[in-house]
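*Asks:*
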Amino acid sequence: MIFRHEYLGGIWIDLEQPSPDEIRQIAEEFSINERMERELLLPTPIPTVVAGDDMLLLVLHFPSQSEKEGETKSQEVDFIVGKNFIITVRYEVVAPLHHLKKLIEAQQLVIGKVPVTTDVLLEVLFAHLYTAMRDHMNHVAGKLSRVEKEMFDGRERTTVGSISSISREFLHMEGVLANQEEALKRFLDAVDRSGFFGHSFAERSLRILAERTHAAGIVETHRAIATEMRETNVALLGARQNEIMKTLTIVNFIFLPLGLISWTFAMRTEGMPLIESPNSFWIVLGLMLGVALLLTTFFIRRRWL
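And the structure:
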């Protein structure tokens, strides 16, 4: 699908899930070289920058919410930037670009062509992509807050998997942003050197890089919180297990002398006291209860129970 948006002195072409024929059509229209066309035809696994005669190609990946809960996937976006045009290629629906496209369509119906230039539109594209990324981070951070509440409500056994899943999402986002850094910087430096947009683009370039740095900082902070929560969860689990082991040990310690008493009177040897007494059962039972109460009182006074 090809979306065309004409703005002040240029055009934005957005290709969503394009066919090879659509890519070749755009390549012929804008005189895109064969190397760039090959990059557009197939997904590229790593961030890439390719320089042409009068245009630059940038391939980046952005994290987004997966259809499966607790998973994050990478979505590729290819940018080709020239003096008077921007071409974006995506192999699936990328929500922030889709929303921006709908917003521009609505503005066109109301006020006609939007009075922006190519460098402004490029900054807007990156701003929408990184804003969507921050929204995704905040969504995952919200899940982390709910897990924290459950953890301190005594459900630390069930939160182990949730914390690990959230940490994996933040780790994935951190990796994607780290991979973007060098390619994005090289691309923006190349655009600045090309002279497409004049000296004013240097400031826009810094703002675009700041968007990525800010997103990376948020991910790093949330990941550190998730790591601390995992350690806290492990500590709570260890404390709970220690309490259980202590309780079992004390119960064992109480029943051990009771078992010794019952085994002693079960021997029924000659000279065994109380054997002939008609109340021997109740006497032995009372003795065992007395020992149990004494031991329980001792443990309570020592605050072991």
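Using the numbering used here, the first residue of the sequence shown is number 19, and each one after it goes up by one.
Using N, Cα and C, we set each Cβ at its ideal position, and we do this for glycine too.
#1: When every heavy atom of the ligand ADP is checked, does at least one fall within less than 7 Å of the C-beta of S280?
#2: According to the neighbour-count rule (16 or more other Cβ atoms, all chains shown, within 10 Å of its Cβ), is E174 buried or exposed?
#3: In whole angstroms, give me the CA-to-CA distance for N51 and A234.
#4: Could you check what DSSP says for Y25 in three-state terms: helix, strand or coil?
#5: Would F144 be called buried (16 or more neighbouring beta carbons within 10 Å of its own) or exposed?
#6: Could you spell out where the beta strand (DSSP E) holding F97 opens and where it closes?
#7: In the DSSP output, what is I236 paired with across the bridge?
#8: Between the C-alpha atoms of V158 and D96, what's the straight-line distance to the nearest angstrom?
#9: Closest to T62 by CA distance: which of Q43, P38, L189 and Q93 is it?
#10: Using C-beta distances below 6 Å, list every residue in its chain close to S185, excluding the 5 sequence neighbours before and after it, in chain order.
#11: Measuring only the C-alpha atoms, how far is M155 from E192?
#12: Can you give me the start and stop residues for the beta strand (DSSP E) that V68 sits inside?
#13: Tell me where the beta strand (DSSP E) around I105 begins and ends.
#14: In terms of alpha-carbon separation, which member of E55, G172, T315 and L78 lies closest to F205?
#15: With DSSP as the reference, label Q198 as helix, strand or coil.
#16: Under three-state DSSP, which class holds P114?
#17: Please say whether A220 and V67 have beta carbons closer to each other than 8 Å?
#18: Just how far apart, CA to CA, sit F80 and M263?
#19: Along the alpha helix (DSSP H) that carries F48, what are the first and last residues, could you check?
#20: Please report how far the alpha carbon of M151 lies from the alpha carbon of F317, in whole angstroms.
#21: Reducing DSSP to helix, strand and coil, say where D153 ends up.
#22: Using DSSP bridges, identify the partner residues of P81.
#23: When burial is assigned at 16 or more other CB atoms within 10 Å of the CB, is D32 buried or exposed?
#24: Cα separation between Q43 and E55?
#25: Looking at C-alpha atoms only, which residue of V165, E200, G172 and A196 is the closest neighbour of S183?
#26: Would you tell me roughly how many angstroms separate the C-alpha atoms of I268 and L274, rounded to the nearest one?
#27: So, using beta-carbon positions, are Y148 and E249 closer together than 8 Å?
#28: Look at the Cβ atom of G100, then the Cβ atom of F214, and state whether they are nearer than 8 Å.
#29: Strictly by DSSP, which residues pair up with T34?
#30: Would DSSP call L305 helix, strand or coil?
#31: Give me the Cα-Cα distance between I41 and F21, rounded to the nearest whole angstrom.
*Replies:* In short, the structure shows the following:
#1: Looking for the ligand ADP in the displayed structure turns up nothing, as the structure carries no ligands at all.
#2: Stepping through the sequence shown from its first residue, residue 174 is reached at position 156. Taking all protein chains shown into account, E174 has 16 or more neighbouring C-beta atoms within 10 Å of its C-beta and is therefore buried.
#3: To locate residue 51, count along the sequence shown from 1; it is residue 33. To locate residue 234, count along the sequence shown from 1; it is residue 216. Near 33 Å, if we compare the C-alpha coordinates of A234 and N51.
#4: Locating residue 25 in the sequence shown gives position 7, counting from the first residue. Of the three classes helix, strand and coil, the one that applies to Y25 here is strand, per DSSP.
#5: Within the sequence shown, the letter at position 126 stands for residue 144. Buried is the call here.
#6: In the sequence shown, the residue the question calls residue 97 occupies position 79. F97 -> beta strand (DSSP E) spans T90 to G100.
#7: If you number the sequence shown from 1, residue 236 lands on position 218. Per DSSP, none; premise fails for I236.
#8: Numbered from its first residue, the sequence shown carries residue 158 at position 140. Numbered from its first residue, the sequence shown carries residue 96 at position 78. Answer to the nearest angstrom: the Cα atoms are 26 Å apart.
#9: Start at 1 with the first residue of the sequence shown, and residue 62 comes out as number 44. Checked all of Q43, P38, L189 and Q93; the closest Cα to T62 is Q93.
#10: Taking the first residue of the sequence shown as 1, we reach residue 185 at position 167. Closer than 6 Å at the Cβ level, and outside the excluded window around S185, lie A244.
#11: Here residue 155 is taken as the residue at index 137 of the sequence shown, counted from 1. Here residue 192 is taken as the residue at index 174 of the sequence shown, counted from 1. CA-to-CA, the gap between M155 and E192 works out to about 11 Å.
#12: Within the sequence shown, numbered from 1, the residue matching residue 68 stands at position 50. Taken as a continuous stretch (DSSP letters only), the beta strand (DSSP E) holding V68 covers T66 to A69.
#13: Numbered from its first residue, the sequence shown carries residue 105 at position 87. Taken as a continuous stretch (DSSP letters only), the beta strand (DSSP E) holding I105 covers F103 to R108.
#14: Translated into the one-based positions of the sequence shown, residue 205 becomes position 187. Closest by alpha carbon: L78.
#15: For the purposes of this step, residue 198 is taken as the residue at position 180 of the sequence shown. Reduced to three states, the DSSP call for Q198 is helix.
#16: As a working mapping, residue 114 is identified with position 96 in the sequence shown. P114 falls in the helix class under three-state DSSP.
#17: Taking the sequence shown and counting its residues from 1, the one referred to as residue 67 is at position 49. Taking the sequence shown and counting its residues from 1, the one referred to as residue 220 is at position 202. Not in contact: V67 and A220 (Cβ atoms no closer than 8 Å).
#18: In the sequence shown, the residue the question calls residue 80 occupies position 62. In the sequence shown, the residue the question calls residue 263 occupies position 245. Those two C-alpha atoms are separated by around 48 Å.
#19: Indexing the sequence shown from 1 puts residue 48 at position 30. F48 -> alpha helix (DSSP H) spans P38 to F48.
#20: Mapped onto the sequence shown, residue 151 falls at position 133. Mapped onto the sequence shown, residue 317 falls at position 299. Cα-Cα distance, rounded: 56 Å.
#21: Here residue 153 corresponds to residue number 135 of the sequence shown, with the count starting at 1. The answer is helix: DSSP assigns D153 an H, G or I state.
#22: Counting from 1 along the sequence shown, the entry for residue 81 is found at position 63. Answer by DSSP bridge pairing, in chain order: S92.
#23: Within the sequence shown, the letter at position 14 stands for residue 32. With 16 or more other Cβ atoms inside 10 Å of its own Cβ, D32 counts as buried.
#24: Translated into positions along the sequence shown, residue 43 becomes position 25. Translated into positions along the sequence shown, residue 55 becomes position 37. The straight-line gap from Cα to Cα measures roughly 11 Å.
#25: As a working note, residue 183 is residue 165 in the sequence shown. Among V165, E200, G172 and A196, the Cα nearest to that of S183 belongs to V165.
#26: Your numbering for residue 268 matches position 250 in the sequence shown. Your numbering for residue 274 matches position 256 in the sequence shown. When rounded, the separation of the alpha-carbon atoms in I268 and L274 is 10 Å.
#27: One-based indexing of the sequence shown puts residue 148 at position 130. One-based indexing of the sequence shown puts residue 249 at position 231. Their beta carbons are not under 8 Å apart, which means Y148 does not touch E249 by this criterion.
#28: Translated into the one-based positions of the sequence shown, residue 100 becomes position 82. Translated into the one-based positions of the sequence shown, residue 214 becomes position 196. Cβ atoms of G100 and F214: closer than 8 Å.
#29: For the purposes of this step, residue 34 is taken as residue 16 along the sequence shown, with counting starting at 1. The displayed chain sequence assigns Glu, not Thr, to residue 34. Partner(s): R108.
#30: Locating residue 305 in the sequence shown gives position 287, where the first residue counts as 1. DSSP places L305 in helix when its eight states are reduced to three.
#31: Position 23 of the sequence shown, counting from 1, holds the residue named residue 41. Position 3 of the sequence shown, counting from 1, holds the residue named residue 21. Rounded to whole angstroms, I41 to F21 spans 12 Å at the Cα level.
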